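Residues 527 to 624 in our numbering are what the sequence shown spells out, letter by letter.
We treat Cβ as the ideally placed atom computed from N, Cα and C, and that holds for glycine.
From a predicted model like this one, the values you see are computed outputs, not experimental measurements.
For reference, the structure is listed below as structure tokens.
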Amino acid sequence: MHLSNESIIVILVVGLIAGWLAGKIVRGAGYGLIGDIAIGIIGAFIGDWLLPSLGIHLGSGTISSIVNATIGAIVLLLIIRLVAGGGRFGGGWGRRWR
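In structure tokens form, the structure reads like this:
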């Protein structure tokens, strides 16, 4: 598999936008440049697996890639929040009710 410089730049830009959007939706703020890119790229993998499994097909193109990666990144951030116990969703591992 050969990636050109342009396709690497597109992957990074899509990851950045998707991670930033997911951070705004879930947390209310971004995670910084590197954090947004990492969350967006991992979210793209999750979205590429999850959406077709649910029978959702967004089409092709950059905008659908951003939407797909954003949905996957939101799922990723919600799972991290549930496991870590942060925010309003849960108690996390080993936390006791008071």
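Local Cβ density within 10 Å of residue i, reported as buried at 16 or more and exposed below that
i, result
"G569", "buried"
"S579", "exposed"
"L602", "buried"
"I592", "buried"
"A548", "buried"
Pair within 9 Å by beta-carbon distance, residue i and residue j
i, j, result
"G587", "I563", "no"
"G554", "A595", "no"
"I597", "G573", "yes"
"L576", "H583", "no"
Rounded distance between the beta-carbons of residue j and residue i, thought under 8 Å
i, j, result
"G566", "I543", "7 Å"
"V539", "I600", "That pair is no contact at about 19 Å."
message: For a minimum of 4 consecutive residues, which ranges assigned as the alpha helix (DSSP H) are wholly contained in the stretch 529-568?
response: Listed in chain order, they are 531-552.
query: Which runs of the alpha helix (DSSP H), 4 residues or longer, sit entirely within the stretch 580-616?
result: Runs of the alpha helix (DSSP H) inside the stretch 580-616: 588-610.
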